[in-house]
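Enquirer:
Protein chains: 2
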Amino acid sequence: MAERIGFIGLGLMGKPMARNLLAAGYPLTVHSRSAPPVDELVAEGAARASTPAEVAAASDVTITMLPDTPDVESVLFGDDGVSEGAAAGSLVVDMSTIDPIATRAFADRLGSGRVGMLDAPVSGGEVGAVAGTLSIMVGGLDDAFERARPLLEAMGSTIVHVGASGAGQVTKTCNQLVVGSAVEAVAEALVLAAQAGVDPARVREALLGGFAGSKVLELHGQRMLDGAFEPGFRASLMAKDGRIVVAAAERLGAPIPAFRAVAERLEAMLPAGRGDLDYAALVTLLEDEAGRTLRAEP
Amino acid sequence: MAERIGFIGLGLMGKPMARNLLAAGYPLTVHSRSAPPVDELVAEGAARASTPAEVAAASDVTITMLPDTPDVESVLFGDDGVSEGAAAGSLVVDMSTIDPIATRAFADRLGSGRVGMLDAPVSGGEVGAVAGTLSIMVGGLDDAFERARPLLEAMGSTIVHVGASGAGQVTKTCNQLVVGSAVEAVAEALVLAAQAGVDPARVREALLGGFAGSKVLELHGQRMLDGAFEPGFRASLMAKDGRIVVAAAERLGAPIPAFRAVAERLEAMLPAGRGDLDYAALVTLLEDEAGRTLRAEP
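As given, the protein sequences belong to chains A and B, one line each in that order. Position 127, counted from 1, in the first sequence is what this note's numbering calls 551; the numbers after and before it change by one each time, with no gaps. Position 256, counted from 1, in the second sequence is what this note's numbering calls 680; the numbers after and before it change by one each time, with no gaps.
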């Protein structure tokens, strides 16, 4: 019989992920801070729960998809939290992007109540969440991973069990470091081309064929050229992920001399009032400084 | 009848590029500062010239592939330089990576003697030079580009005419900005993973499937894991290219806040005695700072 799934956090990412579980035939109980996405999924066949504890009590596997580390901590261990409702032998799968060291502590606390935990953050954005093609990076024990694998396969197309508890979040931290650096670099390159009087669209095209080729150049490069900054993935969340990278690097003694500059640019999006734009809008900071945009005047 | 080609600068890149022109059936005259690669190509059917002026006098199209801007200036305009030997109506194709603004000045000076010029720097490394699969970014006039296209096709597989004189070098500048930033970011990510006790090889694998996927992660990431730092492309040359990026950005008023940090790391390779390693060895600076290597102990 299919395991009963709980899903907490029906945001831009969580809602389509939960919907894919429903479409795959899993019995689903949902909870979220805002009512409309809950109503939507209930209309599609999910059950409603009024607290995280209720979700966990009704579920064999409880999935969390939340903005940041403190949100996950309070949903798991706060009043009416998951840990109050979860039965021994049940499993928590946290798919949020949070601090990799806090993750290990959460797994230990759940484990003392004989509740298993996987950290399973994702890459691929809202597009991947809707299409069920997320890349999912998993940390935790082998048997918990094998148990969760069919669920993860309903949400993602690349699922890698990287290592023990925390390894998924460490991998996501590395992912955000690489992706954030790449977006800033592509933005700097395209603005430099425009300042030199060379068509940035032609530059993107020429670079795609060589060593500079990347998914970021392809997708975010095109967003920058088009000024298409509806998220996607919000700059405010990427700034939060940047803080996770910097904090983890400091505690681990890992040097990140270039990413520090990228993290500063991500932070600068917030006072500029651009936190709700896609993080490809990092290019707008450079455009402001250069006094031009990448888009040809009409 | 096939145009007569001259080739000046038979280094790590230039020698296999010249060889591919010979293999394509072009009559070839060569010159280089060091004798052995000249001897090699002469044994394979090329003619020898003792100065750049002699090369140009014997050629319809003269190609230069040299380390830096001053080298190109002296080969073109110094004593016994190309401009002394080149006939009106002939063409110079500079495939070196040099300053994009200096390039335009060189094209103007050659043009006053009715000698055409293309800037046509390449990406793809020694591997691409040998295989004839370079990515070639070209700036200059349409008719000069059409004239040179068959030659370029003997050396590369992606040939993009980006724009007017200088546009090729601007594109290469953008390329080095993006590639240099990506190599440093991948290095920072892999060392962070190792410091967190997570297998960096698994992290690379997990990241390749998502938004972080890139040629740099694939190729240079593997080099870092293997400690395989024989060039490839020397860190000293990448540091030189970093200087070109910084200088161009300053003159153009193009902000490059994150690349500045990358350029500093490239410069740090030289006093560390690592200028002759591939620039993937940027990771060794981080390994030193973290007090570990990415390679598992035997």
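The beta-carbon is built from N, C-alpha and C at its ideal position, and this holds for glycine as well.
Does any C-beta atom of chain B lie closer than 8 Å to the C-beta of PRO681 of chain A?
Expert: Working through the first sequence from its first residue, we reach residue 681 of chain A at position 257. With 8 Å as the cut-off, PRO681 of chain A counts as an interface residue toward chain B.
Enquirer: Which one of A:TYR703, A:ARG457, A:LEU452, A:ASP543 has the shortest CA to CA distance from GLY433 of chain A?
Expert: As a working mapping, residue 433 of chain A is identified with position 9 in the first sequence. Checked all of A:TYR703, A:ARG457, A:LEU452, A:ASP543; the closest Cα to GLY433 of chain A is A:ARG457.
Enquirer: Taking the DSSP output, what are the residues bridged to GLY540 of chain B?
Expert: Along the second sequence, read from residue 1 onward, the residue named residue 540 of chain B stands at position 116. The partner list for GLY540 of chain B (beta bridge, DSSP) reads B:LEU515.
Enquirer: Across the region 601 to 613 of chain B and the region 672 to 689 of chain B, are there enough close Cβ pairs to call them in contact, namely three or more that are closer than 8 Å?
Expert: In short, these stretches touch, since the Cβ pair count reaches three.
Enquirer: Is the separation between the beta-carbon of ALA630 of chain B and that of PRO624 of chain B shorter than 8 Å?
Expert: Along the second sequence, read from residue 1 onward, the residue named residue 630 of chain B stands at position 206. Along the second sequence, read from residue 1 onward, the residue named residue 624 of chain B stands at position 200. Cβ distance not < 8 Å, so ALA630 of chain B and PRO624 of chain B don't count as in contact.
Enquirer: Where ALA477 of chain B and GLY666 of chain A are concerned, what is the direct C-alpha to C-alpha distance, given to the nearest angstrom?
Expert: Within the second sequence, residue 477 of chain B is the residue found at index 53, counting from 1. Within the first sequence, residue 666 of chain A is the residue found at index 242, counting from 1. When rounded, the distance between both Cα atoms is 55 Å.
Enquirer: Going along chain B in order, which residues have a C-beta closer than 7 Å to the C-beta of GLN619 of chain A?
Expert: Sequence index remark: in the first sequence, residue 619 of chain A carries index 195 (1-based). The contacting residues are LEU676, GLY677, ALA678.
Enquirer: Of the residues B:SER660, B:ALA672, B:LEU718, B:THR717, which one's Cα is nearest the Cα of PRO695 of chain B?
Expert: Here residue 695 of chain B is taken as the residue at index 271 of the second sequence, counted from 1. If we check each option's Cα against that of PRO695 of chain B, B:SER660 comes out closest.
Enquirer: Could you spell out the range, first to last residue, of the beta strand (DSSP E) harbouring THR486 of chain B?
Expert: For the purposes of this step, residue 486 of chain B is taken as the residue at position 62 of the second sequence. THR486 of chain B -> beta strand (DSSP E) spans 485 to 488.
Enquirer: Please report the residue range of the beta strand (DSSP E) in which GLY677 of chain B lies.
Expert: To locate residue 677 of chain B, count along the second sequence from 1; it is residue 253. No beta strand (DSSP E) contains GLY677 of chain B, which DSSP labels as neither H nor E.
Enquirer: Alpha carbon to alpha carbon, how far is PRO722 of chain B from LEU643 of chain B?
Expert: Position 298 of the second sequence, counted from the start, is the residue given in the question as residue 722 of chain B. Position 219 of the second sequence, counted from the start, is the residue given in the question as residue 643 of chain B. Low confidence applies here, because PRO722 of chain B scores a pLDDT of 42, under 50, leaving its location unreliable; read the following figure in that light. Going from the Cα of PRO722 of chain B to the Cα of LEU643 of chain B covers about 23 Å.
Enquirer: Going residue by residue through the region 555 to 605 of chain A, where are the continuous beta strand (DSSP E) segments of at least 3 residues, counting only ones entirely within it?
Expert: Segments of the beta strand (DSSP E) lying fully in the region 555 to 605 of chain A: 558 to 563, 580 to 587.
Enquirer: So LEU641 of chain B is in the alpha helix (DSSP H); what residue range does that whole segment cover?
Expert: Position 217 of the second sequence, counted from the start, is the residue given in the question as residue 641 of chain B. It spans 639 to 650 - the alpha helix (DSSP H) in which LEU641 of chain B sits, taken as one unbroken run.
Enquirer: Can you name, in chain order, every residue of its own chain whose Cβ lies under 6 Å from the Cβ of LEU445 of chain B, other than the five neighbours on each side?
Expert: Along the second sequence, one-based indexing puts residue 445 of chain B at 21. The answer, listed in chain order, is ILE429, LEU452, ALA578.
Enquirer: Distance, Cα to Cα, LEU709 of chain A vs MET693 of chain A?
Expert: Start at 1 with the first residue of the first sequence, and residue 709 of chain A comes out as number 285. Start at 1 with the first residue of the first sequence, and residue 693 of chain A comes out as number 269. Near 8 Å, if we compare the C-alpha coordinates of MET693 of chain A and LEU709 of chain A.
Enquirer: Which same chain residues end up closer than 6 Å to ARG528 of chain A when comparing Cβ atoms and leaving out the 5 residues on each side of it in sequence?
Expert: Along the first sequence, read from residue 1 onward, the residue named residue 528 of chain A stands at position 104. Answer for ARG528 of chain A: SER589, GLY590, listed in chain order.
Enquirer: Work out the CA separation of ALA448 of chain A and LEU575 of chain A for me, nearest whole Å.
Expert: To locate residue 575 of chain A, count along the first sequence from 1; it is residue 151. To locate residue 448 of chain A, count along the first sequence from 1; it is residue 24. The alpha-carbon atoms of LEU575 of chain A and ALA448 of chain A are separated by roughly 9 Å.
Enquirer: Less than 8 Å between the beta carbons of VAL764 of chain A and ALA613 of chain B, yes or no?
Expert: Beyond the ends of chain A as shown, which are 425 and 722, falls residue 764 of chain A; an answer cannot be given.
Enquirer: Could you check which residue in B:PHE653, B:GLY540, B:PHE431, B:SER507 has the C-alpha nearest to that of ALA473 of chain B?
Expert: Working through the second sequence from its first residue, we reach residue 473 of chain B at position 49. For ALA473 of chain B, the nearest C-alpha among the options comes from B:PHE431.
Enquirer: Closer than 6 Å by C-beta to MET541 of chain B: which residues in its own chain qualify, once you throw out the five before and the five after it? Chain order, please.
Expert: If you number the second sequence from 1, residue 541 of chain B lands on position 117. These residues qualify, in order along the chain: VAL516, ALA531, LEU534.
Enquirer: Please report how far the alpha carbon of ASP702 of chain A lies from the alpha carbon of LEU601 of chain A, in whole angstroms.
Expert: Locating residue 702 of chain A in the first sequence gives position 278, counting from the first residue. Locating residue 601 of chain A in the first sequence gives position 177, counting from the first residue. Distance between the alpha carbons of ASP702 of chain A and LEU601 of chain A: 16 Å.
Enquirer: Given a threshold of 16 other Cβ atoms within 10 Å of its Cβ, counted over all protein chains shown, does ALA467 of chain B qualify as buried or as exposed?
Expert: Your numbering for residue 467 of chain B matches position 43 in the second sequence. The residue is exposed, with fewer than 16 neighbouring Cβ atoms inside 10 Å.
Enquirer: Are there 16 or more other CB atoms within 10 angstroms of the CB of ALA704 of chain B, so buried, or fewer, so exposed?
Expert: Here residue 704 of chain B refers to the residue found at position 280 when the second sequence is read from its first residue. The residue is buried, with at least 16 neighbouring Cβ atoms inside 10 Å.
Enquirer: Taking buried to mean at least 16 other C-beta atoms within 10 Å of its own C-beta, is GLN593 of chain B buried or exposed?
Expert: By 1-based counting over the second sequence, the position of residue 593 of chain B is 169. Answer is buried; the Cβ neighbour count reaches 16.
Enquirer: Should SER559 of chain A be flagged as near chain B, meaning a C-beta pair shorter than 8 Å?
Expert: Locating residue 559 of chain A in the first sequence gives position 135, counting from the first residue. Yes, its Cβ sits closer than 8 Å to a Cβ of chain B.
Enquirer: Kindly indicate which residue of A:ALA636, A:ARG538, A:ARG675, A:ALA553 has the alpha-carbon position closest to the one of SER520 of chain A.
Expert: Looking up residue 520 of chain A in the first sequence gives position 96. The option with the nearest alpha carbon to SER520 of chain A is A:ALA553.
Enquirer: So which residues of chain A does ASN599 of chain B contact, with C-beta pairs closer than 9 Å?
Expert: As a first step, residue 599 of chain B is located in the second sequence; it is residue number 175 there, counting from the start. ALA613, VAL627, ALA630, LEU631, GLY634, PHE635, ALA636, listed in chain order.
Enquirer: Return the residues of the region 545 to 557 of chain A that lie within a Cβ-Cβ distance of less than 9 Å from chain B, sorted by chain order.
Expert: Listed by position, the residues of the region 545 to 557 of chain A near chain B (Cβ gap below 9 Å) are VAL546, SER547, GLY548, GLY549, GLY552.
Enquirer: Can you list, in chain order, the residues of its chain with a C-beta nearer than 6 Å to that of ALA714 of chain B? Leave out the 5 residues immediately preceding and following it.
Expert: In the second sequence, counting from the first residue as 1, residue 714 of chain B sits at position 290. Closer than 6 Å at Cβ, skipping near neighbours: VAL615, GLN619.
Enquirer: Under DSSP, the alpha helix (DSSP H) around GLY449 of chain A begins and ends at which residues?
Expert: Residue numbering aside, residue 449 of chain A sits at position 25 when the first sequence is read from its first letter. Note, GLY449 of chain A: premise wrong, no alpha helix (DSSP H); not H, not E.
Enquirer: Assuming contact is defined by CB atoms lying nearer than 8 Å, are SER498 of chain B and VAL539 of chain B in contact in what I supplied?
Expert: As a working mapping, residue 498 of chain B is identified with position 74 in the second sequence. As a working mapping, residue 539 of chain B is identified with position 115 in the second sequence. No; because the gap between Cβ atoms is not below 8 Å, this pair is not in contact.
Enquirer: Answer yes or no: does any C-beta atom of chain A fall closer than 8 Å to that of ARG689 of chain B?
Expert: The residue labelled residue 689 of chain B in the question sits at position 265 within the second sequence. Chain A, which has a Cβ nearer than 8 Å to the Cβ of ARG689 of chain B, makes this yes.
Enquirer: Restricting to runs no shorter than 4 residues, where is the alpha helix (DSSP H) found entirely within the region 658 to 717 of chain A?
Expert: With a minimum length of 4 residues, the continuous alpha helix (DSSP H) runs that stay inside the region 658 to 717 of chain A are 659 to 676, 681 to 692, 706 to 714.
Enquirer: Can you name the residues of chain B whose CB is closer than 9 Å to the CB of ASP623 of chain A?
Expert: For the purposes of this step, residue 623 of chain A is taken as the residue at position 199 of the first sequence. By Cβ distance, chain B contributes VAL586, GLY587, ALA591.
Enquirer: Please classify PRO460 of chain B as buried or exposed, where buried requires at least 16 other C-beta atoms within 10 Å of its C-beta.
Expert: Position 36 of the second sequence holds residue 460 of chain B. Answer is exposed; the Cβ neighbour count stays below 16.
Enquirer: Considering Cα atoms alone, identify which of A:GLY699, A:ALA636, A:SER605 is closest to THR597 of chain B.
Expert: Stepping through the second sequence from its first residue, residue 597 of chain B is reached at position 173. Nearest C-alpha to THR597 of chain B: A:ALA636.
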